[in-house]
(Lines of atoms letter the chains of each structure in order from A and count residues from 1; the text may use other names and numbers.)
(Lines give C-alpha, C1' and ligand atoms only; values in the text may rest on other atoms or scores of the structure.)
Protein backbone atom coordinates (compact mmCIF):
# COMPACT_ATOMS: atom_id res chain seq x y z
CA UNK A 1 0.00 0.00 0.00
CA UNK A 2 2.76 2.47 0.92
CA UNK A 3 4.64 1.77 -2.31
CA UNK A 4 1.44 2.14 -4.33
CA UNK A 5 0.68 5.46 -2.64
CA UNK A 6 4.23 6.67 -3.25
CA UNK A 7 4.03 5.65 -6.91
CA UNK A 8 0.73 7.49 -7.31
CA UNK A 9 2.17 10.51 -5.57
CA UNK A 10 5.31 10.57 -7.71
CA UNK A 11 3.37 10.12 -10.91
CA UNK A 12 0.47 12.53 -10.36
CA UNK A 13 1.19 15.11 -7.68
CA UNK A 14 3.51 17.89 -8.83
CA UNK A 15 5.30 19.18 -5.74
CA UNK A 16 8.81 19.33 -4.40
CA UNK A 17 10.17 15.88 -3.59
CA UNK A 18 10.40 14.73 0.02
CA UNK A 19 8.31 17.55 1.46
CA UNK A 20 5.94 16.82 4.30
CA UNK A 21 3.37 19.19 2.75
CA UNK A 22 3.21 17.04 -0.38
CA UNK A 23 2.74 13.84 1.58
CA UNK A 24 0.19 15.57 3.77
CA UNK A 25 -1.80 16.76 0.74
CA UNK A 26 -1.85 13.26 -0.72
CA UNK A 27 -2.82 11.75 2.63
CA UNK A 28 -5.67 14.23 2.94
CA UNK A 29 -6.87 13.36 -0.55
CA UNK A 30 -6.88 9.65 0.29
CA UNK A 31 -8.58 10.29 3.65
CA UNK A 32 -11.31 12.40 2.06
CA UNK A 33 -11.83 9.90 -0.75
CA UNK A 34 -11.99 7.06 1.78
CA UNK A 35 -14.75 8.81 3.74
CA UNK A 36 -16.72 9.40 0.54
CA UNK A 37 -16.42 5.73 -0.40
CA UNK A 38 -17.47 4.70 3.11
CA UNK A 39 -20.49 6.98 2.71
CA UNK A 40 -21.46 5.12 -0.45
CA UNK A 41 -21.23 1.82 1.44
CA UNK A 42 -23.14 3.05 4.51
CA UNK A 43 -26.53 1.72 3.39
CA UNK A 44 -25.09 -1.52 1.94
CA UNK A 45 -26.48 -0.53 -1.48
CA UNK A 46 -23.77 1.20 -3.49
CA UNK A 47 -25.65 2.70 -6.42
CA UNK A 48 -24.28 3.83 -9.77
CA UNK A 49 -25.43 7.36 -8.91
CA UNK A 50 -23.41 7.33 -5.70
CA UNK A 51 -20.31 6.00 -7.45
CA UNK A 52 -20.67 8.62 -10.17
CA UNK A 53 -21.05 11.37 -7.57
CA UNK A 54 -17.91 10.23 -5.74
CA UNK A 55 -15.92 10.13 -8.97
CA UNK A 56 -17.10 13.62 -9.92
CA UNK A 57 -16.42 15.06 -6.45
CA UNK A 58 -12.92 13.59 -6.28
CA UNK A 59 -12.08 14.63 -9.81
CA UNK A 60 -13.18 18.25 -9.33
CA UNK A 61 -12.06 18.69 -5.70
CA UNK A 62 -8.52 17.47 -6.35
CA UNK A 63 -8.34 18.56 -10.02
CA UNK A 64 -7.40 15.08 -11.26
CA UNK A 65 -7.73 13.36 -14.62
CA UNK A 66 -9.93 10.29 -15.02
CA UNK A 67 -6.99 7.90 -14.56
CA UNK A 68 -5.74 9.80 -11.52
CA UNK A 69 -9.23 9.75 -10.02
CA UNK A 70 -9.59 6.00 -10.54
CA UNK A 71 -6.16 5.41 -8.99
CA UNK A 72 -7.03 7.55 -5.96
CA UNK A 73 -10.35 5.74 -5.52
CA UNK A 74 -8.54 2.39 -5.66
CA UNK A 75 -6.00 3.58 -3.07
CA UNK A 76 -8.80 4.82 -0.82
CA UNK A 77 -10.69 1.53 -1.14
CA UNK A 78 -7.53 -0.38 -0.22
CA UNK A 79 -6.98 1.94 2.75
CA UNK A 80 -10.58 1.43 3.94
CA UNK A 81 -10.22 -2.32 3.69
CA UNK A 82 -7.15 -2.20 5.96
CA UNK A 83 -8.46 0.38 8.42
CA UNK A 84 -10.08 -0.39 11.74
CA UNK A 85 -12.15 2.78 11.96
CA UNK A 86 -12.52 6.38 10.90
CA UNK A 87 -9.84 7.78 13.21
CA UNK A 88 -6.96 7.55 10.77
CA UNK A 89 -8.99 9.53 8.22
CA UNK A 90 -10.64 12.04 10.54
CA UNK A 91 -7.44 12.75 12.49
CA UNK A 92 -5.72 13.91 9.29
CA UNK A 93 -8.69 16.11 8.45
CA UNK A 94 -8.72 17.57 11.97
CA UNK A 95 -5.01 18.27 11.85
CA UNK A 96 -4.86 19.84 8.38
CA UNK A 97 -8.26 21.19 7.30
CA UNK A 98 -9.73 24.55 8.21
CA UNK A 99 -13.21 24.60 9.69
CA UNK A 100 -14.62 25.68 6.30
CA UNK A 101 -12.89 22.75 4.59
CA UNK A 102 -14.37 20.39 7.17
CA UNK A 103 -17.84 21.73 6.38
CA UNK A 104 -17.10 21.08 2.70
CA UNK A 105 -16.23 17.45 3.54
CA UNK A 106 -19.62 17.14 5.27
CA UNK A 107 -21.30 18.63 2.19
CA UNK A 108 -19.51 16.09 0.00
CA UNK A 109 -20.73 13.28 2.24
CA UNK A 110 -24.28 14.61 1.90
CA UNK A 111 -23.82 14.76 -1.89
CA UNK A 112 -23.08 11.03 -1.90
CA UNK A 113 -26.00 10.32 0.44
CA UNK A 114 -28.43 12.30 -1.76
CA UNK A 115 -27.07 10.84 -5.03
CA UNK A 116 -29.57 7.97 -5.12
CA UNK A 117 -32.39 10.29 -3.96
CA UNK A 118 -32.86 8.27 -0.77
CA UNK A 119 -31.30 9.15 2.58
CA UNK A 120 -30.97 5.92 4.49
CA UNK A 121 -30.79 6.03 8.31
CA UNK A 122 -27.29 4.51 8.14
CA UNK A 123 -26.14 7.25 5.78
CA UNK A 124 -27.51 9.94 8.07
CA UNK A 125 -25.83 8.29 11.05
CA UNK A 126 -22.49 8.14 9.26
CA UNK A 127 -22.55 11.81 8.25
CA UNK A 128 -23.49 12.74 11.81
CA UNK A 129 -20.69 10.58 13.21
CA UNK A 130 -18.04 11.99 10.85
CA UNK A 131 -19.31 15.48 11.57
CA UNK A 132 -18.79 14.88 15.29
CA UNK A 133 -15.36 13.33 14.75
CA UNK A 134 -14.12 16.34 12.76
CA UNK A 135 -15.72 18.81 15.19
CA UNK A 136 -18.28 20.36 12.86
CA UNK A 137 -20.99 22.08 14.87
CA UNK A 138 -24.50 20.66 14.64
CA UNK A 139 -25.89 23.82 13.02
CA UNK A 140 -23.28 23.55 10.24
CA UNK A 141 -24.04 19.83 9.84
CA UNK A 142 -27.73 20.71 9.35
CA UNK A 143 -27.02 23.69 7.07
CA UNK A 144 -24.78 21.52 4.88
CA UNK A 145 -27.57 18.95 4.58
CA UNK A 146 -30.11 21.64 3.65
CA UNK A 147 -27.80 23.18 1.02
CA UNK A 148 -27.20 19.81 -0.63
CA UNK A 149 -30.88 18.82 -0.39
CA UNK A 150 -31.91 22.10 -2.03
CA UNK A 151 -29.38 21.61 -4.84
CA UNK A 152 -30.79 18.15 -5.50
CA UNK A 153 -34.36 19.45 -5.54
CA UNK A 154 -33.56 22.01 -8.24
CA UNK A 155 -31.41 19.64 -10.30
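Numbering (our numbering), first residue to last: 61 to 215. In this text, a Cβ means the ideal position worked out from N, Cα and C, and glycines have one as well.
Measuring only the C-alpha atoms, how far is residue i from residue j?
i	j	result
residue 102	residue 129	21 Å
residue 152	residue 114	20 Å
residue 180	residue 86	30 Å
residue 136	residue 199	29 Å
residue 139	residue 94	7 Å
residue 105	residue 191	22 Å
residue 223	residue 90	Shown here, the chain extends from 61 to 215; a query on residue 223 therefore has no answer.
residue 185	residue 145	15 Å
residue 214	residue 124	27 Å
residue 158	residue 107	31 Å
residue 160	residue 122	16 Å
residue 189	residue 134	24 Å
Once you ignore the five residues that flank residue i on each side, which residues in its own chain have a CB closer than 8 Å to its CB?
i	result
residue 177	109, 212
residue 126	119
residue 147	193
residue 187	99, 166, 169, 170, 173, 201, 205
residue 112	175
Near residue i, what residues of its chain come up, given a Cβ to Cβ distance below 6 Å and the 5 sequence neighbours on each side ignored?
i	result
residue 182	102, 103
residue 149	91, 94, 95
residue 154	194
Ignore the nearest five residues each way along the sequence and tell me which others in residue i's own chain have a CB closer than 7 Å to its CB.
i	result
residue 167	204, 207, 208
residue 210	none
Can you tell me the Cβ-Cβ gap for residue i and residue j, rounded? I've got them flagged as a contact below 8 Å.
i	j	result
residue 117	residue 96	6 Å
residue 196	residue 162	5 Å
Would you say residue i touches the ligand NAD, meaning its beta carbon is less than 8 Å from a heavy atom?
i	result
residue 180	Among the components of this structure there are no ligands whatsoever, and the ligand NAD is therefore not found.
Query raised in the report: Considering only residues of the stretch 138–194, which uninterrupted alpha helix (DSSP H) runs meet the minimum length of 4 residues and lie entirely inside it, listed in chain order?
Result: Runs of the alpha helix (DSSP H) inside the stretch 138–194: 147–156, 159–175, 181–193.
**Report entry** Start-end ranges of the alpha helix (DSSP H) lying completely within the stretch 87–139, minimum 4 residues
**Finding:** Unbroken alpha helix (DSSP H) stretches of 4 residues or longer found wholly inside the stretch 87–139: 108–122, given in chain order.
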